[in-house]
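**Q** Numbering (the working numbering), first residue to last: 84 to 260.
Quick one: the structure is below, and I'll ask about it shortly.
Take a look at the structure:
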């Protein structure tokens, strides 16, 4: 148990549960519970994904704070099965900076997973392409549920913009806010 902090730095730094391409079966669940600060930066990633014929797993995080910086992400992705859900319970704040994102995405005809966020504050540094996304290409996009005292620097947008910070729950079937 990492009670003080988890730090992931660099593109080769990740925590993942994955079904590899061509494999069959569902992705596993990642539980990061009762952790202090989670800092993911310089391309680091926490992800559940299915690149094969199965559902992506779920990702559950309970932490003091969550900071994503410089192309870092928390992601649940699937091309074929049901999308994974992301559940974040963060006591203080979630901060997104410099092209970072939280997403539950589904490719092809798969349905997207849901994002459930409970925190005091969500802070996205302005005009840095920091996004919170639950979408699908052809299937149903997932839902985004945020329970926060305040949300700064990010807004609902039915179309992702590479400059702004977007909150987007959509699919080819339309936005699902």
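Note that CB positions come from ideal geometry on N, CA and C, so glycine has one too.
Model, not experiment: these values are computed from the prediction.
Output yes or no for whether 9 Å exceeds the beta carbon distance between residue 229 and residue 198.
**A** Mapped onto the chain shown, residue 229 falls at position 146. Mapped onto the chain shown, residue 198 falls at position 115. In this structure, residue 198 lies closer than 9 Å to residue 229 by Cβ.
**Q** Are the beta-carbon atoms of residue 224 and residue 253 separated by less than 9 Å?
**A** As a position in the chain shown, residue 224 is number 141, starting the count at 1. As a position in the chain shown, residue 253 is number 170, starting the count at 1. Yes.
**Q** Report the three-state DSSP secondary structure of residue 88 (helix, strand or coil).
**A** Residue 88 sits at position 5 when you count from the first residue of the chain shown. Strand at residue 88.
**Q** Could you tell me whether the Cβ atoms of residue 144 and residue 171 are closer together than 9 Å?
**A** By one-based count along the chain shown, residue 144 stands at place 61. By one-based count along the chain shown, residue 171 stands at place 88. Yes, the pair counts as a contact, with Cβ atoms nearer than the cut-off.
**Q** Quick check: the Cα distance between residue 117 and residue 131, rounded to an integer number of angstroms?
**A** Here residue 117 is taken as the residue at index 34 of the chain shown, counted from 1. Here residue 131 is taken as the residue at index 48 of the chain shown, counted from 1. The alpha-carbon atoms of residue 117 and residue 131 are separated by roughly 19 Å.
**Q** Which partner residues does residue 238 have in the DSSP bridge list?
**A** Taking the chain shown and counting its residues from 1, one reaches residue 238 at position 155. Residue 238 pairs with 249.
**Q** Bridge partners of residue 158, per DSSP?
**A** Against the chain shown, residue 158 aligns to sequence position 75. Answer by DSSP bridge pairing, in chain order: 130 and 186.
**Q** For the ligand SAM, is there any heavy atom lying closer than 8 Å to the beta carbon of residue 180?
**A** With respect to small molecules bound, the structure shown includes none, and the ligand SAM cannot be examined in it.
**Q** I need the DSSP call for residue 203, collapsed to helix, strand or coil.
**A** Residue mapping note: residue 203 aligns to position 120 of the chain shown, counting from 1. It is a strand residue.
**Q** From 244, 158, 191 and 231, pick the residue whose C-alpha is nearest to that of residue 110; which is it?
**A** Counted from its first residue, the chain shown places residue 110 at position 27. If we check each option's Cα against that of residue 110, 158 comes out closest.
**Q** Starting from residue 101 and walking both ways along the beta strand (DSSP E), at which residues does that stretch end?
**A** As a working mapping, residue 101 is identified with position 18 in the chain shown. Counting along the chain, the beta strand (DSSP E) containing residue 101 begins and ends at 97-102.
**Q** If residue 105 and residue 137 are in contact, beta carbons under 8 Å, what's the gap, nearest whole angstrom?
**A** As a position in the chain shown, residue 105 is number 22, starting the count at 1. As a position in the chain shown, residue 137 is number 54, starting the count at 1. No, residue 105 and residue 137 are not in contact; Cβ-Cβ is about 11 Å, not under 8 Å.
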